[in-house]
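Student:
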Amino acid sequence: MSMLSLIVFLPLLAAAVLAVVPAFGPAAARWTWVAVSVVELLLVGVLWAGYEDPGPNGLAFEEQVPWIPGVNSSYHVGVDGLSLPLLAMTAVVFLACAVYALRDADRPRVQAALFLFLQGVSLGVFVAADLILFFVFFDLSIVGMYFVIAGWGHGNAARSALKFFLYTFLGSLALLLGFIGLYVAAAPHTFDIPELVAA
């Protein structure tokens with residue numbers, strides 16, 4: 005597993021463990037969330053320290069594994085000079101959320117699991133180099149945000165969460181149509197972002 009895959013899937017794995025193991029007490033859940041977020045920030049720091057400019061349209065720390073070969077889509081991740089700072093900012097923001105939530109007593113295990121899930125898919129959005137992979141991570145982030153807003157939002161949280169979900173989901177459908185248009189227009193047909201840029 006590459007460094008980028010570890011950065012994306014570590015919080016998802018931690019979220020799954022917190023979700024299915026009820027033995028985690030409130031304090032353990034909170035500090036697990038903080039610990040994973042600290043490790044994530046350190047991993048992104050290591051990534052940044054080892055980053056070398058891949059050149060125009062290139063990706064650093066690239067990993068590509070066949071995923072849906074029928075439509076020329078793959079698990080393809082990598083970073084460039086734009087996505088790396090976004091990765092770092094995401095890690096900082098989620099660590100700040102974890103530290104801030106240490107004083108919150110409202111369903112800590114569920115909250116920690118949801119935020120770790122959201123962290124993993126948000127990081128996935130910024131490293132995805134395939135449109136289908138990007139769409140999957142993006143839609144999963146919408147689902148994660150829906151539950152976060154519904155569970156811990158202020159005012160009419162359920163209504164706010166529903167409005168957020170409907171607006172962003174409809175936007176993502178328009179995004180999907182655009183992706184399909186790019187796929188159809190590309191020769192050869194592909195969802196791979198570097199290939200689309202090159203074409």
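Using our numbering, the letters of the sequence shown correspond one by one to residues 5 to 203. Note that CB positions come from ideal geometry on N, CA and C, so glycine has one too.
1. With DSSP as the reference, please indicate the residues paired to residue 187 in a beta bridge.
2. To the nearest whole angstrom, what separates the beta carbons of residue 57 and residue 85, a pair I think is in contact under 8 angstroms?
3. Residue range of the beta strand (DSSP E) that residue 82 falls in?
4. Sort out for me which residues DSSP pairs residue 72 with in a bridge.
5. Quick one: give me the first and last residue of the alpha helix (DSSP H) that residue 9 is part of.
6. Compute the Euclidean distance between the alpha carbons of residue 35 and residue 106, then round it to the nearest angstrom.
7. Using beta-carbon positions only, say whether residue 129 and residue 145 come within less than 8 angstroms of one another.
8. Residue 136 to residue 187, Cα distance in whole Å?
9. I'd like to know whether the C-beta atoms of residue 61 and residue 202 end up nearer to each other than 8 angstroms.
10. Using a Cβ-Cβ cutoff of less than 8 angstroms, which residues in the same chain neighbour residue 67 once the five nearest sequence positions on both sides are dropped?
11. Distance check for residue 123 and residue 185, CA to CA, integer angstroms please.
12. Look at residue 142 and residue 164 and say whether their C-beta atoms are less than 8 angstroms apart.
13. Give the DSSP-derived three-state secondary structure of residue 133 in the structure shown.
14. What residue from 54, 46, 153, 17 has the CA that sits closest to residue 64's CA?
15. Does DSSP put residue 56 in a helix, in a strand, or in coil?
16. Residues in its own chain within less than 8 angstroms of residue 51 by CB, not counting five upstream and five downstream?
17. Between which residues of its own chain and residue 138 is the CB-CB distance below 7 angstroms, once the five residues before and five after are set aside?
18. Let me know if residue 173 comes out buried or exposed under the rule of 16 or more other beta-carbons within 10 Å of its beta-carbon.
19. Quick one: using the 10 Å Cβ neighbour count with 16 as the cut-off for buried, is residue 72 buried or exposed?
Tutor: This is what the structure gives:
1. Reading the sequence shown from its first residue, position 183 is the one you call residue 187. None; residue 187 has no bridge partner.
2. Walking along the sequence shown from the start, residue 57 turns up at place 53. Walking along the sequence shown from the start, residue 85 turns up at place 81. Indeed they touch by this definition, with Cβ atoms about 7 angstroms apart.
3. Sequence index remark: in the sequence shown, residue 82 carries index 78 (1-based). Its beta strand (DSSP E) spans residues 77-83.
4. Position 68 of the sequence shown holds residue 72. Answer by DSSP bridge pairing, in chain order: 77.
5. Walking along the sequence shown from the start, residue 9 turns up at place 5. From DSSP, the alpha helix (DSSP H) with residue 9 extends over 7-24.
6. To locate residue 35, count along the sequence shown from 1; it is residue 31. To locate residue 106, count along the sequence shown from 1; it is residue 102. Cα to Cα, the separation comes out at about 8 angstroms.
7. Locating residue 129 in the sequence shown gives position 125, counting from the first residue. Locating residue 145 in the sequence shown gives position 141, counting from the first residue. Contact flag set, yes.
8. Locating residue 136 in the sequence shown gives position 132, where the first residue counts as 1. Locating residue 187 in the sequence shown gives position 183, where the first residue counts as 1. In a straight line, the C-alpha of residue 136 is about 10 angstroms away from that of residue 187.
9. Against the sequence shown, residue 61 aligns to sequence position 57. Against the sequence shown, residue 202 aligns to sequence position 198. It is a contact, given that the beta carbons lie within the stated cut-off.
10. Taking the sequence shown and counting its residues from 1, the one referred to as residue 67 is at position 63. Cβ within range, chain order: 6, 8, 9, 79, 80, 81, 82.
11. Looking up residue 185 in the sequence shown gives position 181. Looking up residue 123 in the sequence shown gives position 119. Taking the straight line joining both Cα atoms gives about 29 angstroms.
12. As a working mapping, residue 142 is identified with position 138 in the sequence shown. As a working mapping, residue 164 is identified with position 160 in the sequence shown. No; because the gap between Cβ atoms is not below 8 angstroms, this pair is not in contact.
13. Position 129 of the sequence shown, counted from the first residue, corresponds to residue 133. Reduced to three states, the DSSP call for residue 133 is coil.
14. Looking up residue 64 in the sequence shown gives position 60. It is 54 whose Cα lies nearest to the Cα of residue 64.
15. Against the sequence shown, residue 56 aligns to sequence position 52. Correct three-state label for residue 56: coil.
16. Counting from 1 along the sequence shown, the entry for residue 51 is found at position 47. Contacts found: 7, 8, 11, 65, 83, 88, 91.
17. In the sequence shown, counting from the first residue as 1, residue 138 sits at position 134. Contacts found: 129, 132.
18. Residue numbering aside, residue 173 sits at position 169 when the sequence shown is read from its first letter. Classification of residue 173: exposed, given that the 10 Å Cβ count is below 16.
19. Working through the sequence shown from its first residue, we reach residue 72 at position 68. So residue 72 counts as exposed.
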